[in-house]
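Input: a single structure, listed below in structure tokens.
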Amino acid sequence: MSDEEGLEPILAHIRRLLQDETEAKLSLDRKLIETTVKACEQRLGELTELKRTSKQYMEGLTVAQAEYDRELKAKREAETEITRLRILLSGQTAQLAALSSENRRQEQRKKSVHDVHDSLRGLENDLARLIVERDIMLAEIQELSNVKKFLTSRSPSSNTSSASFVRSLSQGMENLKGQYQRDLVPLKQERQAFVRETSELKTTRDALLEETAVLNVRNDEIVSLNQQYMRRLESYPVAHMKEVDYARRSHDKNSRSQHSQATNHTLPSIPSANVSYLGTEEDTRNKGNQRNDIDTATPKKFKWPGSRGKELPQITVINELARSRPQLDHNFTQVSILRFTRCEHCGDKTFGSQLRCSLCNLSIHVRCAANVNTACNQSLATMKDDHSSSAQSMFGRDLTEQATTDCSGADHFVPHIVEKCIEAVETLALDYEGLYRKNGGAGQSRLITQLFERGDYSAFDLRDSERFPDICSVTSVLKNYFRSLPVPLLTFDLCDDFISAAQIPDPRLKYQTLQQLVNKLPRAHYQTLKKLMLHLHHVHEHNDQNRMNARNLGVVFGPTLMRSRYPGSEFSDMAGKALSIEWLVENAPSIFTD
């Protein structure tokens, strides 16, 4: 009998006893109680086993639920990835279809262009043949007219001679016709071929000009680094310069004793205010002998670079800045004056090549350069200003700070260096071929830089072509100033936006985007950009003379006015920078209307 069948009678018996007995105490049979206890213990064991089994099932169900959730999540992620890949695949399919259609269109265009070239070549041949036939027919008509006049003027008895004359004329015309057909048709074809070749050469020349502009930009960067290093050398202490100068003089003395007959001898130089002049090698050797009679308190050192072809060798005289008191030397540059003037040292007349001090305007013969003992009245002030400006140079200073210093109380925020350089170019050199593409001389560029860093802008005028004959030095200083800005003219924050906006194909959207970016520039940057772009637009308008259109200007000024925060992207962004500046140059009058 099962446990349930044995337990039911016991429970029924206990219920009857509870119903029949009214007393609080109830007497039960011992066997009945033992049976009941045994049945309860069995039920308790079954219940415990059931709980244990249930717990195991719950734990297994929890693990299964976690695995199910994980699988469900993975399934959903896979479905999402599949959806994304399907979208990407559809996009790639559309792009491939567009590319294939574009390739087909390009092939069709190439085929059409080839057919057009063939047709054009055939038309050119036909045109050349027709031109020859026209010329021949005109000649025949003229000859027939002459024959007709001849026949009408002759008597009837001269028919035989007239017939022979006509035959001779016909034979001559046939010969002329054959000669024209043999000679003129190839000449016409060659002319057309030369025209096509000339057009291709012009295209190649434009490409080479763009490449040259890119190389000039790299050269400008190298020149800028060179000038920075020179300024660092100039700021060295005087004690260090004494040591260098003593070593240089010792080397110079030994070199002269060992190589007295050498004509190309170069001495080591120290950074100082250089005195440059030009002369022949014979004059220079004579000057070396004459210097023994000159006061040794102001010795000068010569630098003899090798001559270039027919040009005169350039000799650099280096001042001794390590003396107990500063030596006030001149800064001579070679000028060519096509009128008679007087040498301020010897009093004789001068014509053509002469030397002029860029600081005090002293004019002398080339042969008198080694004998000048008069001090320059501007050198000491220049030296003091150089020492004072080394602490705060405008090259490398923030544009807003420089504009605030230069334009305090003014409505416009444009540094004086930008205004004066642009003014000089506008006045003198809008028709100069290769403007802003060619680099100026290092000596004059350095002089202009020092004049600007002195801060006395009224003391010089860059429009003075006699004092500043090289306009490329002015443009080089302007480009070097923009290149040395710690924050470029088109700021770091907007550089990538300008590059992206320049590549927008829709002209209207491109105009609106670039206009908004220009308006986001700081005040000083905006007004300086306005001044520069309007000036470059004027340069672009004279590109038939100066060969500097908007594209060439963009190639030159792109890396100068725009820099990325990440130097590694400079080369890859060069095309975008050039396009941005090109667009600004072309549209400057409509952008800057205020």
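For the sequence shown, our numbering assigns the number 576 to the last residue and increments by one with no breaks. The C-beta atom is built at its ideal place from N, Cα and C for all residues, glycine as well.
{"Query": "Any 3 or more C-beta pairs closer than 8 angstroms across the stretch 452 to 461 and the stretch 403 to 414", "Result": "yes"}
{"Query": "Three-state secondary structure (DSSP) of C339", "Result": "strand"}
{"Query": "Per-residue DSSP class, three states only, for R419", "Result": "coil"}
{"Query": "Minimum C-alpha distance to E192 - residue among L105, L496, R(-3) and Y418", "Result": "Y418"}
{"Query": "Start-to-end residues for the alpha helix (DSSP H) that takes in A406", "Result": "H398 to L410"}
{"Query": "Three-pair Cβ contact test at 8 angstroms for the stretch 161 to 173 versus the stretch 499 to 509", "Result": "no"}
{"Query": "Option nearest I204 by Cα separation, candidates T542, E(-10) and A48", "Result": "T542"}
{"Query": "9 angstroms Cβ cutoff met for L496 and S562", "Result": "yes"}
{"Query": "Residue interval of the alpha helix (DSSP H) (run including G540)", "Result": "A532 to L543"}
{"Query": "For R164, the three-state DSSP class (helix, strand or coil)", "Result": "helix"}
{"Query": "Test item: CB-CB of I593 and K512 under 9 angstroms", "Result": "In this structure the chain extends from -17 to 576, so residue 593 is not present and cannot be described."}
{"Query": "Which of helix, strand or coil DSSP assigns to E263", "Result": "Caution applies to E263, whose pLDDT of 37 falls short of 50 and renders its modelled position unreliable; the value that the coordinates give is listed next. Helix."}
{"Query": "Beta-carbon spacing of L472, M544 below 9 angstroms", "Result": "yes"}
{"Query": "Three-state secondary structure (DSSP) of F314", "Result": "strand"}
{"Query": "Three-way DSSP call (helix, strand, coil) for G558 in this model", "Result": "helix"}
{"Query": "Residue from N569, G550 and R445 with nearest C-alpha to K492", "Result": "N569"}
{"Query": "CB of F586 within 9 angstroms of CB of H398, strictly", "Result": "As shown, the chain starts at -17 and ends at 576. That puts residue 586 outside it, with no answer to give."}
{"Query": "H327 versus P549: straight-line alpha-carbon distance, rounded", "Result": "53 angstroms"}
{"Query": "Selection from N353, G423, A21 and R(-3) that minimises the alpha carbon distance to Q316", "Result": "G423"}
{"Query": "Beta bridge counterpart(s) of S345 as assigned by DSSP", "Result": "R338"}
{"Query": "Helix, strand or coil at L190 [DSSP, three-state]", "Result": "helix"}
{"Query": "Which of helix, strand or coil DSSP assigns to F578", "Result": "In this structure the chain extends from -17 to 576, so residue 578 is not present and cannot be described."}
{"Query": "N- and C-terminal bounds of the alpha helix (DSSP H) containing F474", "Result": "F474 to A484"}
{"Query": "Cβ-Cβ distance between R428 and M212 below 9 angstroms", "Result": "yes"}
{"Query": "Secondary structure, alpha helix (DSSP H): runs of 4+ residues fully inside the stretch 432 to 507", "Result": "453 to 465, 474 to 484 and 489 to 501"}
{"Query": "Residue of I(-8), L503 and L207 minimising C-alpha distance to R12", "Result": "I(-8)"}
{"Query": "Pick from G437, A46 and G558 that is closest to I486, judged by C-alpha positions", "Result": "G558"}
{"Query": "Own chain, CB closer than 8 angstroms to C325, minus 5 neighbours either side, in chain order", "Result": "K331, T332, Q336, S345, I346, H347 and C350"}
{"Query": "Cβ-based burial, H522 [other Cβ within 10 Å; buried from 16]", "Result": "buried"}
{"Query": "Beta-carbon gap between E106 and Q174 smaller than 9 angstroms", "Result": "yes"}
{"Query": "Spatial distance of E89 from F464 (CA atoms)", "Result": "46 angstroms"}
{"Query": "E383: first and last residue of the uninterrupted alpha helix (DSSP H) it sits in", "Result": "L381 to D388"}
{"Query": "Cβ neighbour criterion (16 or more within 10 Å) applied to V354", "Result": "buried"}
{"Query": "Proximity winner among R490, F377 and Q527, relative to L467 (alpha-carbon distances)", "Result": "F377"}
{"Query": "One or two residues paired with T323 in a DSSP bridge", "Result": "T332"}
{"Query": "Buried versus exposed, by CB contacts within 10 Å (16 or more), V537", "Result": "buried"}
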